[in-house]
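Take a look at the structure below.
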Amino acid sequence: MTNTSRRHMLKLSMLAAGAGVATSQQAFGAGSLVGNLCTPDDLSLAEDDPGSHDFNLSPFVDPLPIIPVATPINFPLDPPIDPARHQRYTEFLPQKTYIQVLREFDHQYHSGIPFATRVWGFNGNVPGQTFHARYGEPVLIRRYNQLPADHVGFALPSFTTHLHNLHHASESDGMPWDWVDPGFFWDYHHVNAPAGGDPLQKQTTQWYHDHRMDFTATNVYMGLTGFYLLFDNQDTGNEHDPSPSAFRLPSGKYDIPMILHDISLGEDGQLYLSQDTNGFLGRYYTVNRKITPFLEVEPRKYRFRFLNGGPSRFYELGLNDGLLFNVIANDGNLLPKPVIAETIKLSVAQRFDVIVDFSQYQPGASIILENLMEQIRGEGPTGRKFAKGEGDPVMEFRVVPLTGPDKSRIPNELRALPKINLKEVKQERLFKFDYFGGMWTVNGQGFDMDRMDAYIEQGSAEIWTIRNGGTRWEHPIHIHFEEFQILEFNGKPLQESDVNNSRKDVLTLGPGDEVKLFFHFRDFLGCHVMHCHNVVHEDHTMMIHWHIAPPKNGPVLGAIIEPRPVMRLGTPPAGF
Amino acid sequence: MKSRRQFLSASAALPALALSACTSTGPSNLITASTESRICKKPGGPSAKYFPNVVVMTHTGRRAWFYDDLIKGKIVGINFMSVKSEEQFPVTQNLAKVQELVGNKLGQGTFMVSITTDPEHDSPAILEAFAKKHGAQEGWIFVTGKPSDMQAIYQKLGPHGGYEGAGVNHHIWRYGNEPYARWAASHAMAQPHQLAQRLSWVEVNKEPNSKKA
Ligand SMILES: [Cu+2]
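Chains as they are written, first to last, in this note's numbering: chain A, 1 to 576; chain B, 1001 to 1213.
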């Protein structure tokens, strides 16, 4: 079967199943059956991988899972927290404590699959529970490894949980080498304070995911992801908030985090992952770990927090009905003002918070979220884009009657960007992402956990030039700990209206792209990493390791914890 | 599984192969002749779908099923090399240091498999001399074979899905534990202690407890 007809088959089965829904039937009408893809013979689609089974699934059968919110514990930890393991612990005493136990359990990816799928998750949840954190309220999360030591499958039952883009100490960041084996636990201390104490550095939508060295793609793919949301006196999480500072963004059940993963299943219904070092493309789209689900929405405003959870796919999301996105946050940072967008591009690990207003719809209407980005191999998109209504369906919104007035707002002004002062720059560095000898490299070298790639003075600012040396690959580059602002993209500053005029932690590099970034390094000492967030590239050594050292003059914040903490032996308390 | 069946039926057509793919437990059994050999009823292990089961030649001049005899049931480090490219990509030199650190485990459940990307030149005899030069002990196996079979292995296990030219992509070092289907990769030029350590990451102390349906 040719690639083109494969894609048609997939679309056909989607179409047949969607026939009961008037608008979706229109959306996937004859237009989509004209070949979208003409690929050279040596290229393959995710659907062509013999390890990936076609279960002939209908779209929009299962409701979108709403991820439960984590609840703190109300008893002391045993053994207690060891303050000596954490920088600045007494300055940021935890006000809430959580326990997460990582286990293996069964999950139904789609009700049409005759098998349960073994997954890994947190307290029985996949994705893991969503944390609702507040600025000024430090938290401690203790995570226990109760994964099966004798697990049979591609993933390694050894975790290290990275809280993506949060500003916290190295030992709580889930470094690739800080792993926790079955029977052990790790304490993660999150200070929930803005970088440099600057309120303009506050964040909103972050997430946690596994970062085990060499096994990040496999462990993330097995299920080890979840959301961590931050609220403050503006983004209060209450659309009825009478406080004059409150933005009154859609909240509660109208504020929905959505994590996208593409997956393939073997004929036994278990997750299938290929060995292709370019990256992995799954056969099925999932949102919150359900294949092509639906969500009932009221005719009102919603805040959707879209996150591309990987492993490798790039998305361009659009709504088939011409409905627009009001983009309010990029990579978990509120923008200076909302940006209205027809589509949003998400490379792996990127987030966009958007407000979608369904108020023009009558109950019974159906709107499809589709992926318009053509991608046939893990290395990056082809560059071709599907026409609206002809993309791959990701999920459906079904309009139901309004249950109450919509008091939420889309503010005209959100959060200003911190000023860039180039006089603070102490150092410029160049990092070239490329490949050599078949492995992914940064500045010509593969990752080496024993080699320090950069020493940075605490309190200083730096300019990093990030270059893609490849001609075919796209790399979503992620930098831990401190956010950057883009000074130049291919030699030019961004336009003021560009949605990437934002604080960011993921930089998408197309072939040959070169980008100049500005950032500060503040508040803690120690090691962090920069890597490609196509997690298959990351696992194939596209990562470096840098270190914040005490400043030559002036005050030091934090202290290097020596020797570096290791996992602690212990099992979860009763009830977990 | 489909590809495995294809490989098996293809190999059944090879003339006069005396293999014991169904019964062998390691390279030392390879020579045992068996009339059953071409009717392989033994199911593949958990990692069967990742490995072409083609017939290869080892540097000691033995025939082996690549998956059944060299991978199945073992913890393995796998790399690509060629005698001619060693000067430019000294991966074998680096892996010789890994071998030292693996120590007694080598050949006792843990193996190293080095696959040539230049089978036209790298005959078993040339590989034998090359292995000897690098001090390869029992448990480190150099592999050559029919160019199309070697290409099949490269396409499955080489970088970038085998799309790039085979000649210079010698930096991938795959490692894993076959009965547990745990596979990852690192850089063949990484510091030897880091590679040796990785072989222990995938070890499991208990018996496999397959929950597969
Ligand atoms: Cu990459």
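For every residue, glycine included, the Cβ atom is placed at its ideal position computed from N, Cα and C.
Since the model is a prediction, treat every value here as computed from it, not as a measurement.
Discussion item. Cβ closer than 8 Å: which chain A residues qualify as neighbours of Ile1075 (chain B)?
Written reply: The residue labelled residue 1075 (chain B) in the question sits at position 75 within the second sequence. Residues of chain A passing the Cβ test: none, with the nearest at roughly 13 Å.
Worksheet item: From His110 (chain A) to Thr471 (chain A), what does the alpha carbon distance come to, in whole angstroms?
Response: As a first step, residue 110 (chain A) is located in the first sequence; it is residue number 110 there, counting from the start. As a first step, residue 471 (chain A) is located in the first sequence; it is residue number 471 there, counting from the start. The alpha-carbon atoms of His110 (chain A) and Thr471 (chain A) are separated by roughly 38 Å.
Fill in: Residue range of the unbroken alpha helix (DSSP H) whose run includes Tyr1067 (chain B)
Within the second sequence, the letter at position 67 stands for residue 1067 (chain B). For Tyr1067 (chain B), the uninterrupted alpha helix (DSSP H) segment begins and ends at 1066 to 1070.
Worksheet item: Going along the chain, which residues of its own chain have a beta-carbon closer than 6 Å to the beta-carbon of Phe447 (chain A), five neighbours each way excluded?
Response: Sequence index remark: in the first sequence, residue 447 (chain A) carries index 447 (1-based). Closer than 6 Å at Cβ, skipping near neighbours: Thr541, Met543.
Worksheet item: Among A:Ala193, A:Phe386, A:Pro393, A:Arg118, which one has its Cα closest to the Cα of Glu482 (chain A)?
Response: Translated into the one-based positions of the first sequence, residue 482 (chain A) becomes position 482. Measuring from the Cα of Glu482 (chain A), the nearest candidate turns out to be A:Ala193.
Fill in: C-alpha gap between Leu70 (chain A) and Val297 (chain A), whole angstroms
Your numbering for residue 70 (chain A) matches position 70 in the first sequence. Your numbering for residue 297 (chain A) matches position 297 in the first sequence. In the sequence under discussion, the amino acid at residue 70 (chain A) is Ala, which differs from the Leu named in the question. In a straight line, the C-alpha of Ala70 (chain A) is about 24 Å away from that of Val297 (chain A).
Worksheet entry | Three-state secondary structure (DSSP) of Phe92 (chain A) | Against the first sequence, residue 92 (chain A) aligns to sequence position 92. The answer is helix: DSSP assigns Phe92 (chain A) an H, G or I state.
Worksheet entry | Selection from A:His537, A:His531, A:Leu93 that minimises the alpha carbon distance to Thr277 (chain A) | On the first sequence, position 277 is the one that residue 277 (chain A) refers to. The shortest Cα separation from Thr277 (chain A) among A:His537, A:His531, A:Leu93 belongs to A:His537.
Discussion item. Using C-beta distances below 7 Å, list every residue in its chain close to His107 (chain A), excluding the 5 sequence neighbours before and after it, in chain order.
Written reply: Along the first sequence, read from residue 1 onward, the residue named residue 107 (chain A) stands at position 107. Counting only Cβ-Cβ distances below 7 Å, and skipping sequence neighbours, we find Ala116, Thr117, Val119, Val126, Arg289.
Worksheet item: Does any CB atom of chain B fall closer than 8 Å to the CB of Gly526 (chain A)?
Response: Within the first sequence, numbered from 1, the residue matching residue 526 (chain A) stands at position 526. By this cut-off, Gly526 (chain A) is not an interface position.
Practice prompt. Could you name the residues of the same chain whose beta carbon sits closer than 6 Å to that of Val21 (chain A), not counting the 5 residues immediately before and after it, in chain order?
Written response: Working through the first sequence from its first residue, we reach residue 21 (chain A) at position 21. In this prediction, Val21 (chain A) has a pLDDT of 28, which is less than 50 and means its spatial position is unreliable; nothing more can be read from the coordinates.
Item to complete: With a cut-off of 8 Å on the beta carbons, I'd call Asp187 (chain A) and Arg142 (chain A) a contact; round off their distance for me.
Response: For this step, residue 187 (chain A) is matched to residue 187 along the first sequence. For this step, residue 142 (chain A) is matched to residue 142 along the first sequence. Indeed they touch by this definition, with Cβ atoms about 5 Å apart.
Worksheet item: Near ligand 1, which residues have their beta-carbon closer than 5 Å to a heavy atom?
Response: This criterion selects A:His475, A:Cys532, A:Asn534, A:His537.
Worksheet item: Using a C-beta cutoff of 8 Å, does Val1204 (chain B) count as contacting chain A?
Response: Taking the first residue of the second sequence as 1, we reach residue 1204 (chain B) at position 204. By this cut-off, Val1204 (chain B) is an interface position.
Worksheet item: Taking only beta-carbon atoms, is Asn74 (chain A) less than 8 Å away from chain B?
Response: For the purposes of this step, residue 74 (chain A) is taken as the residue at position 74 of the first sequence. No, Asn74 (chain A) does not count as interfacial toward chain B.
Worksheet item: For the 8 Å Cβ check, are there 3 or more pairs between the stretch 543 to 559 of chain A and the stretch 505 to 517 of chain A?
Response: At 8 Å Cβ cutoff, the stretches do not touch.
Item to complete: Determine the direct distance from the alpha carbon of Leu224 (chain A) to that of Gly570 (chain A), and round the result to whole angstroms.
Response: Translated into positions along the first sequence, residue 570 (chain A) becomes position 570. Translated into positions along the first sequence, residue 224 (chain A) becomes position 224. If you take the alpha carbons of Gly570 (chain A) and Leu224 (chain A), they lie about 20 Å apart.
Worksheet item: Which one of A:Thr465, A:Asp392, A:Pro565 has the shortest CA to CA distance from Phe519 (chain A)?
Response: Within the first sequence, the letter at position 519 stands for residue 519 (chain A). When only C-alpha atoms are compared, the closest one is A:Thr465.
Worksheet entry | Cβ-based burial, Tyr221 (chain A) [other Cβ within 10 Å; buried from 16] | Mapped onto the first sequence, residue 221 (chain A) falls at position 221. Buried is the call here.
Worksheet entry | Straight-line Cα distance separating Glu390 (chain A) from Ser5 (chain A) | Reading the first sequence from its first residue, position 5 is the one you call residue 5 (chain A). Reading the first sequence from its first residue, position 390 is the one you call residue 390 (chain A). With a pLDDT of 34 at Ser5 (chain A), under the threshold of 50, the modelled position of this residue cannot be trusted, and the question is left open.
Fill in: Cβ of Leu1157 (chain B) within 8 Å of any chain A Cβ
Numbered from its first residue, the second sequence carries residue 1157 (chain B) at position 157. Between Leu1157 (chain B) and chain A, the shortest Cβ-Cβ separation is below 8 Å.
Worksheet entry | Close beta carbons around Phe159 (chain A), own chain, < 8 Å, minus the five adjacent residues each side | Taking the first sequence and counting its residues from 1, one reaches residue 159 (chain A) at position 159. So the qualifying residues of the chain are Leu102, Arg143, Asn145, Leu147, Trp179, Val180, Asp210, Arg212, Asn219, Leu224.
Worksheet item: Contact check, Asp214 (chain A) vs Ser1186 (chain B) under 8 Å by CB: the rounded distance?
Response: Here residue 214 (chain A) refers to the residue found at position 214 when the first sequence is read from its first residue. Here residue 1186 (chain B) refers to the residue found at position 186 when the second sequence is read from its first residue. At roughly 6 Å, the Cβ-Cβ gap stays under 8 Å, so Asp214 (chain A) and Ser1186 (chain B) are in contact.
Worksheet entry | Beta-carbon contacts of Pro1147 (chain B) that lie in its chain and below 8 Å, excluding the five residues immediately before and after | Start at 1 with the first residue of the second sequence, and residue 1147 (chain B) comes out as number 147. Taking C-beta separations shorter than 8 Å and ignoring five residues to either side along the sequence, the partners of Pro1147 (chain B) in its chain run Pro1119, Glu1120, following chain order.
Discussion item. I'd like to know if the stretch 495 to 503 of chain A and the stretch 437 to 452 of chain A are in contact, where contact means that at least 3 CB-CB pairs between them fall below 8 Å.
Written reply: In short, these stretches do not touch, since the Cβ pair count stays below three.
Worksheet entry | Residue-level contact to chain A via CB, Arg1062 (chain B), 8 Å cutoff | Position 62 of the second sequence, counting from 1, holds the residue named residue 1062 (chain B). Answer no: the Cβ-Cβ gap between Arg1062 (chain B) and chain A never drops below 8 Å.
Discussion item. Counting only C-beta atoms, is Phe154 (chain A) closer than 8 Å to chain B at any point?
Written reply: As a first step, residue 154 (chain A) is located in the first sequence; it is residue number 154 there, counting from the start. For Phe154 (chain A), the answer is yes, since a Cβ of chain B falls inside 8 Å of its Cβ.
Item to complete: Kindly confirm or deny that the stretch 327 to 337 of chain A and the stretch 378 to 394 of chain A touch, where touching means at least three C-beta pairs closer than 8 Å.
Response: Contact fails between the stretch 327 to 337 of chain A and the stretch 378 to 394 of chain A, because fewer than three Cβ pairs, one in each stretch, are under 8 Å apart.
Item to complete: Below 9 Å between beta carbons is the criterion; list the residues of the stretch 1184 to 1198 of chain B that meet it against any residue of chain E, in chain order.
Response: Any reference to chain E falls outside this structure, whose protein chains are A and B.
Worksheet item: alpha helix (DSSP H) containing Phe1130 (chain B): first to last residue?
Response: For the purposes of this step, residue 1130 (chain B) is taken as residue 130 along the second sequence, with counting starting at 1. Under the DSSP assignment, Phe1130 (chain B) falls in the alpha helix (DSSP H) whose first and last residues are 1124 to 1133.
Worksheet item: Which chain B residues are close to His540 (chain A), counting only those with a beta carbon under 7 Å from its beta carbon?
Response: Locating residue 540 (chain A) in the first sequence gives position 540, where the first residue counts as 1. Under the 7 Å cutoff, chain B gives Ala1185.
Discussion item. Any beta carbon of chain B sitting closer than 8 Å to that of Thr161 (chain A)?
Written reply: Sequence index remark: in the first sequence, residue 161 (chain A) carries index 161 (1-based). No, its Cβ sits nowhere closer than 8 Å to a Cβ of chain B.
Discussion item. Along the chain, where does the beta strand (DSSP E) containing Pro336 (chain A) start, and where does it finish?
Written reply: What you label residue 336 (chain A) is simply residue 336 of the first sequence in a count that begins at 1. Per DSSP, Pro336 (chain A) belongs to the beta strand (DSSP E) from 333 to 341.
Discussion item. Within a Cβ cutoff of 7 Å, which residues of the same chain sit near Asp357 (chain A), ignoring the five residues on either side of it in sequence?
Written reply: Residue 357 (chain A) sits at position 357 when you count from the first residue of the first sequence. Here the set comprises Lys301.
Worksheet entry | Buried or exposed by the 16-neighbour rule on C-beta atoms within 10 Å, applied to Lys423 (chain A) | Position 423 of the first sequence, counted from the first residue, corresponds to residue 423 (chain A). Label assigned to Lys423 (chain A): exposed.
Worksheet item: Whole beta strand (DSSP E) runs in the stretch 165 to 248 of chain A with 3 or more residues, listed along the chain?
Response: Whole beta strand (DSSP E) segments, 3+ residues: 184 to 190, 205 to 210, 225 to 231.
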